[in-house]
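Visitor: Chains as they are written, first to last, in this note's numbering: chain S, 14 to 164; chain V, 4 to 158.
(1) When the cut-off is 8 Å and only beta carbons count, does residue 93/V lie next to chain S?
(2) For chain V, find out if any of its Cβ atoms is closer than 8 Å to the Cβ of residue 92/S; answer yes or no.
(3) Given 8 Å as the limit, is there contact between the region 105-124 of chain V and the region 135-145 of chain V, that is, 3 or more CB pairs closer than that?
(4) Apart from the five residues on each side of it in sequence, which residues of its chain come closer than 8 Å, Cβ to Cβ, to residue 94/V?
(5) Quick check on DSSP: helix, strand or coil for residue 58/V?
(6) Quick one: residues in its chain with C-beta nearer than 8 Å to the C-beta of residue 78/V, no 5 flanking neighbours on either side, listed in chain order?
(7) Would residue 31/V pass as an interface residue toward chain S - the criterion being a Cβ-Cβ separation below 8 Å?
(8) Considering just the uninterrupted stretch of the alpha helix (DSSP H) at residue 121/S, what are its terminal residues?
(9) From 16/S, 15/S, 109/S, 38/S, pick the residue whose C-alpha is nearest to that of residue 145/S; which is it?
(10) Considering only residues of the same chain and omitting the five flanking positions on each side of residue 29/S, which have a CB-CB separation below 7 Å?
(11) Within a Cβ cutoff of 6 Å, which residues of the same chain sit near residue 72/V, ignoring the five residues on either side of it in sequence?
(12) So, using beta-carbon positions, are residue 33/S and residue 152/V closer together than 8 Å?
(13) What whole-angstrom Cβ distance do residue 43/S and residue 60/S have, given they're in contact under 8 Å?
(14) Report the start-end ranges of each beta strand (DSSP E) in the region 70-115 of chain S that is 3 residues or longer and not cut off at the edges.
(15) Would residue 73/V pass as an interface residue toward chain S - the criterion being a Cβ-Cβ separation below 8 Å?
(16) Got a sec? Which residues, its chain only, sit under 8 Å from residue 57/S by beta carbon, not counting five neighbours each side?
Structure (structure tokens):
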């Protein structure tokens, strides 16, 4: 028995078995919060991150491998790469989402989600409840077909 | 018998000529192998797993107890690993420490980075601070470089 192997297997079990399973729980909690008109984005992002656990570790490793192991600037370069990734990859994607939200808000659809008659929210929540498994499969599909973006 | 200079200069093979001392050595070796390593350590590891479950029930992180259990289960492998680090020279102590540092930075900490990612996701979902774990994960995969940075700052 080897301590390093034990730690490696623990990490693999947590990242590749438990976290994708817990993602379903996070998604169910997100749907419940959505049905109550509360903030649900946090739990939805947590569900997506749980599915992407292995990829997130690869991202951290790629950030840390931007310089040689004995380069004193390696930690700074890894943080710089993280900042660049957030600024050049995540923020544009977030901006696209904001544009979509702006169009949806302008169309008046989200008014039926938050104020007044909430029948749209209830309808979408019911659809999500009936299709949680499909939503998780959709998230897994996105992540499996997004691995090409991981350097 | 007090060891003289002649005894110190000769290589120490660890041979035991006295039958009584040999019996003590055999008994102690059997105690460590058959009682401590083979039976006591797995039982203690099982109790660590129970403690992990109780920690989780109290709302604390079970990770420390789980890692302690893995450490106890792998204690024989660790002993063999440390024996392989022993150079047998007059610098054996510092060689051991150097090998332990390399094992820590090259093998253990990159795996701990994965645990840091898992912890960061859990903290994010529970509205707890997660950026310290992200920073720690980055530090775990580049701890040798941080050491070089400290050396460069001092030098």
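Glycine included, each C-beta is placed from N, C-alpha and C at the ideal position.
Since we're looking at a predicted model, the values are computed, not measured.
Guide: Once the coordinates are examined:
(1) no
(2) yes
(3) yes
(4) none
(5) helix
(6) 40, 44
(7) no
(8) Where residue 121/S is concerned, there is no enclosing alpha helix (DSSP H), given that its DSSP letter is neither H nor E.
(9) 38/S
(10) 67
(11) 48, 51, 52
(12) no
(13) 6 Å
(14) none
(15) yes
(16) 39, 40, 43
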